[in-house]
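Worksheet: one structure, shown below.
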Amino acid sequence: MSTPPKTAANESRTAPLKTGDGRPRPRPATGAGHAQPATGEDGQRPEASPDGRSHGHIHIDRFTLNGPLEHDSLGEKFYRDDPSLGIIVAGASAYTPKRRKNPTPGDIFIKSSVFGHDERANRILFDCCPPQVLQGHNVFGHGNLLDYCYAVFLLQLKRHGLTATPEEHVWWKTGRMITVSEVHLTGNFWMPQELKMMFINAIDEANKSGKHRAIDSCIALGYTASRRSTQQGASIYNKAPLLLKQWTKPGVYQGKLIELADGSIRIEVRLYEGGLTTLGLKSASCWADVDVDQLFFDVLSGFNVGNAIQPLLTADEKKLLTNAELITYILWLHKHDLRELLSASTISRHSRAIKQKVGVDILSDRRPERLPELDLSEILRGENIVPVPDWLIEAGRYWAPGRYE
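Residue numbers for the sequence shown follow numbering that gives the first Met the number 0, beginning at 0 and rising by one.
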């Protein structure tokens, strides 16, 4: 897997994350011991865990897959009267309800389809959160879609007493003949607990439309006036309150996960059917060579997230702009509607130039701050992703790629 991009925000601003008085802001620990200090003597979190992992990676939090499997329908069959064939199977009800909020580990939506004359189904659909199903939580996971695809397939064969042909095993293991209609890519990014609401509120302010915010600690992007996009979306939220609601009496490892969630912000990008088609990722086999980290940041860059909190330009930075670009920046800074003053081509040209030269995005609806508390170029980068903690692996609560073998 290639190196993930440095940032989804402004790469030119790389000052360390600071507290209000300028001191480095501590982050939680990631190593094996629960009592391990969050920072070293210099006030910074450790650069690497004992096994050499310097940072975490984006993981797959949910997918919807449909693939071949000849089987007796798991749901209740319903019939129709065909003029030529008589009474035939028209389809089957879903075997399990679609429960996405606080699912229990076994929750998975299953639907049988494509029935033959013998009333047996020839395809099966799985919609689930693979980490939740395989390891009992979805705080962490991995980014290997094919591994999750085959692991979930094997688990459901065992759970429901189904059998598969050698050819069907190959298809589910390699992704051939497997259709992907939805994938959620997720990362936990180190962020002090007291700054998370400021970040979420800033994203809300930076997006006048195309958003949904049912609760204060979460904002979702990628909506039209009437529904969510059929292409892609993003969700930024505080995971800790959700875990506290799900785990009313947390055990030892659950308590540790809640602590990690409390010191980080969770960001999901969601690829729906239209977006997967555009990216050429409708077939599971196409995911074999995907750099999931890179894909996550590429999709996230299309939303007003990395530009939600921006600093004012310094005098030296202003000198980098042409007079026309500087005038456009000043008009935007004073909250003028650029669409009423400039042509679309001028706005597009100037916004690209300003972002390239000084890293400020004037397409954001939120204006800069003189001394912002958060430097998003430090937050939204691969190096700031929370790694899978060693104690979680040792406790058997992390499903590593290849574990089914």
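Even for Gly, the Cβ is constructed at its ideal location relative to N, Cα and C.
Remember, it's a predicted structure, so these values are computed and weren't measured experimentally.
Identified DSSP bridge partners for D71: The partner list for D71 (beta bridge, DSSP) is empty, contrary to what the question assumes.
Mapping the DSSP letters down to three states, classify P36 as helix, strand or coil. Low per-residue confidence applies at P36: pLDDT is 30, beneath 50, and the placement is therefore not dependable, though the value from the model is reported in the following sentence. Three-state DSSP puts P36 in coil, outside helix and strand.
Going straight from the alpha carbon of Q253 to that of W331, what length do you get? Looking at the two C-alpha atoms, the distance is approximately 46 Å.
Given 8 Å as the limit, is there contact between the stretch 386 to 403 and the stretch 204 to 219, that is, 3 or more CB pairs closer than that? Touching, no, given that fewer than three Cβ pairs across the two stretches are closer than 8 Å.
In terms of alpha-carbon separation, which member of A213, Q192, W246 and L64 lies closest to D406? Residue 406 lies beyond the residue range present for the chain, which begins at 0 and ends at 404; the question has no answer from this structure.
Use the C-beta contact count for K172: other C-beta atoms within 10 angstroms, 16 or more gives buried, fewer gives exposed. With at least 16 other beta carbons inside 10 angstroms of its own, K172 counts as buried.
Within 8 Å, do at least three Cβ pairs link the stretch 268 to 282 to the stretch 226 to 246? The answer is yes - the stretch 268 to 282 touches the stretch 226 to 246, with three or more Cβ pairs under 8 Å.
Can you name the residues that DSSP bridges to F210? The question names Phe, yet the displayed sequence has Lys at residue 210. For K210, which the question treats as bridged, DSSP gives the partners L220.
DSSP three-state call for C127: helix, strand or coil? In this structure, C127 counts as strand in the three-state DSSP scheme.
List the endpoints of the continuous alpha helix (DSSP H) containing L241. That run of the alpha helix (DSSP H) goes K238 to Q245.
Name the DSSP bridge partner or partners of W189? Under DSSP, the beta-bridge partners assigned to W189 are S263.
When burial is assigned at 16 or more other CB atoms within 10 Å of the CB, is G274 buried or exposed? The residue is buried, with at least 16 neighbouring Cβ atoms inside 10 Å.
L184 by DSSP, collapsed to three states: which one? Here L184 sits in strand by DSSP.
Which same chain residues, not among the five before or five after S72, have their C-beta less than 7 Å away from its C-beta? A91, S111 and A120.
Figure out for me which residue from R338, A287, Q155 and R396 has the closest Cα to the Cα of Y94. Of the candidates R338, A287, Q155 and R396, the residue whose Cα lies closest to the Cα of Y94 is Q155.
Determine the direct distance from the alpha carbon of A307 to that of T185, and round the result to whole angstroms. The straight-line gap from Cα to Cα measures roughly 19 Å.
Count the other CB atoms within 10 Å of the CB of S363; is the residue buried (16 or more) or exposed (fewer)? Classification of S363: buried, given that the 10 Å Cβ count is 16 or more.
Span of the beta strand (DSSP E), counted from its first residue to its last, around K354: Bounds of any beta strand (DSSP E) do not take in K354; it lies within the alpha helix (DSSP H) bounded by A343 to V357.
Beta-carbon separation (whole angstroms), L243 vs I264, contact threshold 8 Å: Between L243 and I264 a beta carbon distance of about 16 Å is seen, past the 8 Å cut, so the two are scored as non-contacting.
Please determine if the stretch 114 to 131 and the stretch 143 to 161 are in contact, where contact requires at least 3 C-beta pairs separated by less than 8 Å. Yes, they touch.
Span of the alpha helix (DSSP H) holding G274? Segment E272 to L278, the alpha helix (DSSP H) holding G274.
In chain order, what residues of the same chain lie with their CB nearer than 8 Å to the CB of L325, ignoring the 5 residues before and after it? Contacts found: K317.
By Cβ distance below 7 Å, which residues in the same chain neighbour K356 in space, the five residues on each side in sequence not counted? In the same chain as K356, and ignoring 5 residues on each side of it, the C-beta atoms closer than 7 Å to its own belong to L319 and L320, in chain order.
Helix, strand or coil: how does DSSP classify T321 here? For T321, the three-state secondary structure derived from DSSP is coil.
Which of the three DSSP states, helix, strand or coil, is assigned to Y328? Helix.
In its own chain, which residues sit with a C-beta less than 6 Å from the C-beta of R175, not counting the 5 before and 5 after it? Taking C-beta separations shorter than 6 Å and ignoring five residues to either side along the sequence, the partners of R175 in its chain run S284, following chain order.
State yes or no: is the C-beta of R79 within less than 9 Å of the C-beta of A201? No.
Can you pull the DSSP bridge partners for R119? R119 pairs with nothing; no bridge assigned.
Exposed or buried, which one is P129 when buried takes at least 16 other CB atoms within 10 Å? By the Cβ-count criterion, P129 is buried, with 16 or more other Cβ atoms from all chains shown falling within 10 Å of its own Cβ.
Per-residue burial, S350 [other beta carbons within 10 Å of its own, 16 or more giving buried]: Under this definition S350 is a buried residue.
Would you please state the rounded distance, in angstroms, between the beta carbons of H58 and G142? I believe it to be under 8 Å. About 5 Å separates the two Cβ atoms, so the contact holds.
Label H335 either buried or exposed according to how many other C-beta atoms from any shown protein chain fall within 10 Å of its C-beta, with 16 as the threshold for buried. Counting every other CB atom within 10 Å of its CB across the protein chains shown gives H335 a total below 16, marking it as exposed.
Could you tell me the distance, in whole angstroms, from the CA atom of P82 to the CA atom of G74? Going from the Cα of P82 to the Cα of G74 covers about 25 Å.
Measure the alpha-carbon distance for R226 versus D315 and round it to whole angstroms. Rounded to the nearest angstrom, the two C-alpha atoms are 44 Å apart.
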